[in-house]
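Participant:
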Amino acid sequence: MGPAIAQRAKTADFSVLPTVSAADDEMFGEARDAALFSSGRPALFVPDEASDHVGETVVIAWKDSVESARAVAAAAPFLEGARRVRLISLVPDGEPEDETATAMANYLKAACLPVELRRPRWARGTSAMPSSRRRDPAFCSSWADMAAGAGRNGCSAARPITCCATPTLPS
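So in the UniProt record's numbering, the last one in the sequence shown is 171, and the numbering has no gaps at all.
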């Protein structure tokens, strides 16, 4: 299934996927991973508790990489209509902050976007999300959106996504 999802995602503006971890459902986990890591296209994760406010807050996971720069460019249509743009740059304990995150935040601000730069610290090999927030749906959707960049940026994409239950798909 993964190669078919990746192929379809390559020829789409973006993929819409449920927030699900591979541990919760192997099929959706494979689809998620294919859309994220094999398509080169943006992905939108929809939590169970999706509301009419989807798209008001856009979360960008930033790392100084070609993939992150391309993701920001691909997200331009979503950024223009957002009330908030959260640019998140994870800072491993003991390492300096990535100054390219500041440069990207300034670039987005120059485009008149409402950018908030966040630099949470984390210990390598652990989940980047605080355990106290893993079951909070409002917080959860932001971390699930962020996972699109996080999997290649040094932390496990499955961890942030596991905070939400598997949605029921219409038959």
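Glycine included, every Cβ here is placed at the ideal spot set by N, Cα and C.
Under three-state DSSP, which class holds Ser65?
Facilitator: Three-state result, Ser65: coil.
Participant: Rank Arg41, Gly94, Phe28, Arg83 by C-alpha distance to the C-alpha of Ala75 and give the top, closest one.
Facilitator: Comparing Cα positions, the closest option is Arg41.
Participant: Decide if residue 172 is buried, meaning its Cβ has at least 16 other Cβ atoms within 10 Å, or exposed.
Facilitator: In this structure the chain extends from 1 to 171, so residue 172 is not present and cannot be described.
Participant: Excluding the 5 residues preceding and the 5 following Lys10 in the sequence, name in chain order all residues of the same chain whose CB lies nearer than 7 Å to its CB.
Facilitator: Result list for Lys10: Ser39, Gly40, Arg41, in chain order.
Participant: Give the C-beta separation of Leu44 and Val16 to the nearest angstrom, bearing in mind that I take them to be a contact with Cβ-Cβ under 8 Å.
Facilitator: Contact flag correct, Cβ pair sits at about 5 Å.
Participant: Give the DSSP-derived three-state secondary structure of Glu37 in the structure shown.
Facilitator: The sequence as given places Phe at residue 37; Glu does not occur at that position. Residue state, collapsed to three classes: helix.
Participant: Where does Pro77 fall in DSSP's three states?
Facilitator: DSSP places Pro77 in helix when its eight states are reduced to three.
Participant: For Ser51, does the count of other Cβ atoms within 10 angstroms reach 16, so buried, or fall short, so exposed?
Facilitator: Counting Cβ neighbours within 10 Å, Ser51 comes out exposed, since fewer than 16 surround it.
Participant: Mind reading off the beta-carbon distance from Glu97 to Val91? Whole number of angstroms is fine, and I expect it under 8 Å.
Facilitator: The pair is a contact, with the Cβ atoms about 5 Å apart (cut-off 8 Å).
Participant: Of the residues Phe14, Asp13, Ala101, Thr19, which one's Cα is nearest the Cα of Glu116?
Facilitator: If we check each option's Cα against that of Glu116, Ala101 comes out closest.
Participant: Let me check understanding here. Comparing Cα to Cα, which of Leu36, Glu49, Leu79 lies closest to Ala56?
Facilitator: For the record, residue 56 in the displayed sequence is Glu; it is not Ala. Glu56 has its Cα closest to that of Leu79, out of Leu36, Glu49, Leu79.
Participant: Which residues in the same chain as Ala82 place their Cβ atom closer than 6 Å to its Cβ, once the five residues preceding and following it in sequence are excluded?
Facilitator: Hits under 6 Å: Val58.
Participant: Return helix, strand or coil for Leu108, following the three-state DSSP convention.
Facilitator: Helix.
Participant: Could you tell me the distance, in whole angstroms, from the CA atom of Pro3 to the CA atom of Ala34?
Facilitator: One C-alpha to the other measures close to 7 Å.
Participant: Would Met1 and Glu30 qualify as a contact pair, given that the criterion is a beta-carbon distance under 7 Å?
Facilitator: Going by C-beta atoms, Met1 is nearer than 7 Å to Glu30.
Participant: State the Cα-Cα distance for the pair Lys109 and Ile88, rounded to the nearest angstrom.
Facilitator: So the alpha carbons of these two residues sit roughly 15 Å apart.
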